[in-house]
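Written out below as structure tokens is the structure these notes cover.
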Amino acid sequence: MNINLKTALLAAILLVFTYFYYLGGRTFNFLSLGTVILFLLGCAVILVLTTLLVGLVAYLLNSGVIYPNTGLAISLTFVVLLFLFWLVYGFVQLPNFADFSDYGIFIKQFLTSHLLYIAVSSVVIGSGVRLFLYRPLQTDVPETMQGNIKFIFYILAALVLSVLSFYWMKKIKQAPMNIEEQAYHNLPLAQQLLDTKGIHITSKPYYLPESEEVIILLEYPSSNKKVPIDQVFSIDKDGVIKDSLKISDLTTESLIFDNGLLVSQNSDKVYTWIFDRQTIALDKDKAVAKRKEIVPLTENAKAVALVYFKKTEKAACATGTEEIWNGIKYYHILTKQDTLKIKLDNVYPKAPYGQCIEQNVEYYPLEDLSYGLIRVGENAYYVITPQKK
11 MNINLKTALL AAILLVFTYF YYLGGRTFNF LSLGTVILFL LGCAVILVLT TLLVGLVAYL
71 LNSGVIYPNT GLAISLTFVV LLFLFWLVYG FVQLPNFADF SDYGIFIKQF LTSHLLYIAV
131 SSVVIGSGVR LFLYRPLQTD VPETMQGNIK FIFYILAALV LSVLSFYWMK KIKQAPMNIE
191 EQAYHNLPLA QQLLDTKGIH ITSKPYYLPE SEEVIILLEY PSSNKKVPID QVFSIDKDGV
251 IKDSLKISDL TTESLIFDNG LLVSQNSDKV YTWIFDRQTI ALDKDKAVAK RKEIVPLTEN
311 AKAVALVYFK KTEKAACATG TEEIWNGIKY YHILTKQDTL KIKLDNVYPK APYGQCIEQN
371 VEYYPLEDLS YGLIRVGENA YYVITPQKK
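Heads up, the final residue of the sequence shown is numbered 399 in our numbering, and it's a clean run with no missing numbers.
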């Protein structure tokens, strides 16, 4: 069989292996002309590269640059491919990271994704070239083997240097952490009062002095000044949800919050549920007559201190030239009795609607009650009670 045909056959075997390894034999929807063109272009690029690689190894072997030993040919191919794959991964795919433990995770991901492919490809190329394409043109020189072994160690040394270089290139530059990281903990789920998972927005809390209740609204994401409400929660004096109301149980219309009243945007209906738990609509005059004192609570910004921000990666919502970092925020919160040390692990979580909302901490001390509230971002509340000594 012609040597060029054998080279093309080895390249075709590698192309098929590449397809099944990285795509799992997945079929494509070829109804789109663009998909067909991209698929064929990708196959052509891989075929050309593998043909050139097989041809190069065959040329080096036949010209005496590589000692004619199957194991040595496989080893040389393996270290060169590993080095090239790592360089491409490092420059193209490797994201920024905070510390060496994160870097270790990305190295493990690289090895898990590509090491087996590189090993099998090296065996196919090295053994295939040695068995089917080797045509010695000169007498074997023992020094060639020693040179090949030295070259393998040179490539491995270059690989180690590149790993260290990418560590310094990709490591996020940030201020030193002058706090004891293990002293900070996430807010416990046992203290979680509400969490909308980004589907709704939690309002700032309101207080009813007469009944010693806290009212929290779940609102739809909206740019309007008057935001439609989805649900209302009543929290008792012990920090427990006492009652709740879904607006859809009252009416199919949109309701807005107006100083304690739930007012329809499309009709004259007004509901006084927040004050008396009544679910029957009233006209505006009767509803206003039943209104009681309701006080919007104000966060104590002075009690919350951001002591450190640890960058971990670029936020998925970063756009344009603005650099937005995701990471971990470390807070001190001065409550009535304690100084809480908490952390938020995900500053810019991806919301269901695609936007990124920065997660900050707001603390609402309730002077007349036995607890305080912490709002995280715009979608979660936690109840803070005095720690038992």
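Beta carbons are placed, not taken as given, at the ideal position from N, Cα and C, and that holds for glycine.
Same chain, Cβ closer than 8 Å to residue i, five either side skipped, listed in chain order
{"i": "D293", "result": "D278, V280"}
{"i": "T322", "result": "F107, A108, D112, I182, W335, N336, G337, I338"}
{"i": "A325", "result": "I334, W335, N336, V357, Y358, C366"}
{"i": "V134", "result": "L20, I23, L24, F27"}
{"i": "A68", "result": "I13, T17, V139, L143, Y144"}
{"i": "V317", "result": "I189, Y340, Y341, H342"}
{"i": "T154", "result": "G74, V75, I76, Y77"}
Rounded straight-line distance, which links the Cα of residue j to that of residue i
{"i": "L204", "j": "S175", "result": "45 Å"}
{"i": "K408", "j": "E333", "result": "In the structure as shown, the chain begins at 11 and stops at 399. Residue 408 is therefore absent and cannot be evaluated."}
{"i": "L350", "j": "I84", "result": "59 Å"}
{"i": "S258", "j": "S172", "result": "60 Å"}
{"i": "S254", "j": "D240", "result": "11 Å"}
{"i": "L57", "j": "I211", "result": "52 Å"}
{"i": "I76", "j": "V46", "result": "40 Å"}
{"i": "G270", "j": "S221", "result": "14 Å"}
{"i": "K207", "j": "G387", "result": "11 Å"}
{"i": "I128", "j": "I165", "result": "15 Å"}
{"i": "Y392", "j": "F120", "result": "39 Å"}
{"i": "I266", "j": "Q202", "result": "26 Å"}
{"i": "N196", "j": "I209", "result": "21 Å"}
{"i": "T282", "j": "I290", "result": "8 Å"}
{"i": "Y194", "j": "V90", "result": "45 Å"}
{"i": "K399", "j": "L379", "result": "Unreliable placement is indicated for K399, whose pLDDT of 44 sits below 50; no coordinate value is reported for it."}
{"i": "G114", "j": "T80", "result": "33 Å"}
{"i": "L260", "j": "K302", "result": "21 Å"}
{"i": "N370", "j": "L218", "result": "26 Å"}
{"i": "L199", "j": "S132", "result": "50 Å"}
{"i": "G249", "j": "P215", "result": "12 Å"}
{"i": "K353", "j": "Y341", "result": "6 Å"}
{"i": "L70", "j": "T60", "result": "15 Å"}
{"i": "L376", "j": "P306", "result": "11 Å"}
{"i": "G136", "j": "K320", "result": "46 Å"}
Limits of the beta strand (DSSP E) - the one that residue i falls within
{"i": "L410", "result": "Within the shown structure, residues of the chain are numbered from 11 to 399, placing residue 410 beyond reach of any answer."}
{"i": "A390", "result": "390-394"}
{"i": "V242", "result": "239-245"}
{"i": "Y373", "result": "371-375"}
{"i": "F319", "result": "314-324"}
{"i": "V357", "result": "Unbroken run through V357: none, as it is neither H nor E."}
{"i": "F267", "result": "265-268"}
Cutoff 6 Å; reference residue i; Cβ partners in own chain excluding five residues on either side
{"i": "A390", "result": "D205"}
{"i": "L20", "result": "V64, G138"}
{"i": "F243", "result": "I226, I251, S254"}
{"i": "L92", "result": "I128"}
Continuous alpha helix (DSSP H) stretch holding residue i: start and end
{"i": "V98", "result": "80-98"}
{"i": "T345", "result": "Element bounds for T345: n/a, residue is neither H nor E."}
{"i": "Y216", "result": "Per DSSP, Y216 belongs to no alpha helix (DSSP H); it is in the beta strand (DSSP E), 216-218."}
{"i": "F285", "result": "283-286"}
{"i": "D295", "result": "294-299"}
{"i": "V130", "result": "110-138"}
{"i": "G157", "result": "152-180"}
{"i": "S274", "result": "Here S274 belongs to no alpha helix (DSSP H); instead the beta strand (DSSP E) covers 271-274."}
{"i": "S258", "result": "257-260"}
CB contact below 8 Å: residue i versus chain C
{"i": "E263", "result": "Within the model displayed, chain C is absent; a lone protein chain is all it includes."}
Those residues which DSSP pairs with residue i across a bridge
{"i": "A18", "result": "None; A18 has no bridge partner."}
{"i": "Q202", "result": "Y392"}
{"i": "I225", "result": "Y216, S244"}
{"i": "L307", "result": "Paired residue(s): none; L307 is not in a bridge."}
{"i": "L383", "result": "Y374, V393"}
{"i": "I211", "result": "E229"}
{"i": "V46", "result": "Paired residue(s): none; V46 is not in a bridge."}
{"i": "K339", "result": "F319, L354"}
{"i": "F428", "result": "Look at the range of the chain in this structure, 11 to 399, and you will see that residue 428 is not part of it."}
{"i": "V414", "result": "Given that the chain is displayed from residue 11 to residue 399, the structure contains no residue 414 and the question cannot be resolved."}
{"i": "S73", "result": "Answer is none; S73 lacks a bridge partner."}
{"i": "F142", "result": "Beta-bridge pairing links F142 to no other residue."}
Beta-carbon contacts of residue i that lie in its chain and below 7 Å, excluding the five residues immediately before and after
{"i": "Y373", "result": "E309, N310, A313, V314, I343, G382, I384"}
{"i": "S213", "result": "I226, L227, E229"}
{"i": "D286", "result": "K300"}
{"i": "D246", "result": "E223, K252"}
Decide yes or no for the touch test of the stretch 106-118 against the stretch 174-184: beta carbon pairs closer than 8 Å, at least 3 of them.
yes
contact_flag[the stretch 49-57, the stretch 88-101] where n(CB pairs < 8 Å) is 3 or more
no
Cβ contact (3+ pairs, closer than 8 Å) linking the stretch 116-124 and the stretch 73-89:
no
Using 8 Å as the cut-off, can you tell me whether the stretch 227-243 makes contact with the stretch 183-195, which would need three or more C-beta pairs spanning the two stretches below that distance?
no
Counting Cβ pairs closer than 8 Å, one from the stretch 153-167 and one from the stretch 289-308, do we hit at least three?
no
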